[in-house]
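Q: Residue numbering for the sequence shown follows the numbering used here, starting at 650 and increasing by one per position. Every residue, glycine too, gets a C-beta built ideally from N, C-alpha and C. Note that the structure is a prediction, hence the values are computed from the model and not measured.
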Amino acid sequence: MITSDEIIAIGKFNKPHGISGEISATINTLTDVLNNCSCIVCDIDGIFVPFFIKALRNKSQETFLLSIDDINSDEEAAILVNKDIYVKRSEYYEVIEDEDRIPLDFFMNFNAIVNEINGKIVDIDDSTANVLFVIETTDGKSILIPAVEEFITDFDSKERTIKMEVPDELLNL
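#1: Buried or exposed: which applies to glutamate 671, given that a residue is buried once 16 or more other Cβ atoms fall within 10 Å of its Cβ?
#2: In this structure, does DSSP put serine 776 in helix, strand or coil?
#3: By how many angstroms is the C-alpha of glycine 789 removed from the C-alpha of glutamate 620?
#4: I think isoleucine 642 touches isoleucine 659, with their Cβ atoms under 8 Å apart; what is that distance to the nearest whole Å?
#5: Am I right that valine 690 and valine 736 are in contact with their C-beta atoms under 8 Å? What's the rounded C-beta distance?
#6: Could you tell me whether the segment 795–815 touches the segment 750–761, where touching means 3 or more Cβ pairs closer than 8 Å?
#7: Which residues mark the beginning and the end of the beta strand (DSSP E) in which aspartate 692 is found?
#8: When we look at the beta-carbon of proline 665 and count the other beta-carbons within 10 Å, is it buried (16 or more) or exposed?
#9: Looking only at C-alpha atoms, which of Ile751, Glu740, Glu818, Thr787 sits nearest to cysteine 686?
#10: Which of the three DSSP states is assigned to alanine 674 in this structure?
#11: CA-CA distance, alanine 674 and asparagine 663?
#12: Among Ile745, Glu724, Gly768, Asp772, which has the Cα closest to the Cα of threonine 678?
#13: Assuming contact is defined by CB atoms lying nearer than 8 Å, are aspartate 723 and glycine 667 in contact in what I supplied?
#14: For phenylalanine 701, count neighbouring Cβ atoms within 10 angstroms of its own Cβ and tell me buried if that reaches 16, exposed if not.
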């Protein structure tokens with residue numbers, strides 16, 4: 650049985666495309682994640698169900714047309730409309746870690762050690778040009794740390810931890 654801890658959201662199904670079961674999907678991660686995953690996962694009536702991609706083609710930069718095993722008509726594809734698409738977290742990390750540029754959502758829910766402060770990344774604030782990690786500390790405070798490579802000293806995707814060194818002035822804002 651697949652649990653929510655084992656998966657990560659990468660997109661959403663749109664609508665069926667044609668009559669042979671193909672369905673469009675908006676994917677908000679690297680195409681390599683789809684190309685290298687063993688399956689995609691959807692929540693069907695509260696159960697995470699694996700689906701196996703038979704064929705994949707680009708429609709635009711973020712939109713893809715997927716053919717899925719055992720889905721052969723637009724009626725069958727309709728059960729996936731507006732469903733979130735997940736992949737196994739371990740497979741996602743494998744692909745992302747091989748990339749030169751890691752998307753910031755990769756670090757969501759990571760345990761964070763900023764200087765000597767422990768916390769957890771609970772959000773990514775991208776409402777301005779300066780993207781920030783929102784970190785909830787173990788004592789219940791929130792701190793905002795610029796999400797820049799220069800501050801990240803180490804991370805471990807298996808342990809889901811990130812270490813950062815930032816100027817002390819940033820912690821006192």
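A: So, from the data block:
#1: Under this definition glutamate 671 is a buried residue.
#2: Reduced to three states, the DSSP call for serine 776 is coil.
#3: Because the chain is modelled from 650 through 822, residue 620 falls outside the range shown and cannot be assessed.
#4: Given that the chain is displayed from residue 650 to residue 822, the structure contains no residue 642 and the question cannot be resolved.
#5: Under the criterion of beta carbons closer than 8 Å, valine 690 and valine 736 qualify as touching, at roughly 7 Å.
#6: Contact between the segment 795–815 and the segment 750–761 is present, because at least three Cβ pairs lie under 8 Å.
#7: 689–693 is the span of the beta strand (DSSP E), which, as asked, contains aspartate 692.
#8: The residue in question, proline 665, is buried, as its Cβ has 16 or more Cβ neighbours within 10 Å.
#9: Of Ile751, Glu740, Glu818, Thr787, the residue nearest in Cα terms is Glu740.
#10: Judged by DSSP in its simplified three-state form, alanine 674 adopts strand.
#11: Taking the Cα positions, alanine 674 is about 5 Å away from asparagine 663.
#12: In this structure, Ile745 is the residue among Ile745, Glu724, Gly768, Asp772 with its C-alpha nearest to the C-alpha of threonine 678.
#13: Yes; because the gap between Cβ atoms is below 8 Å, this pair is in contact.
#14: Exposed.
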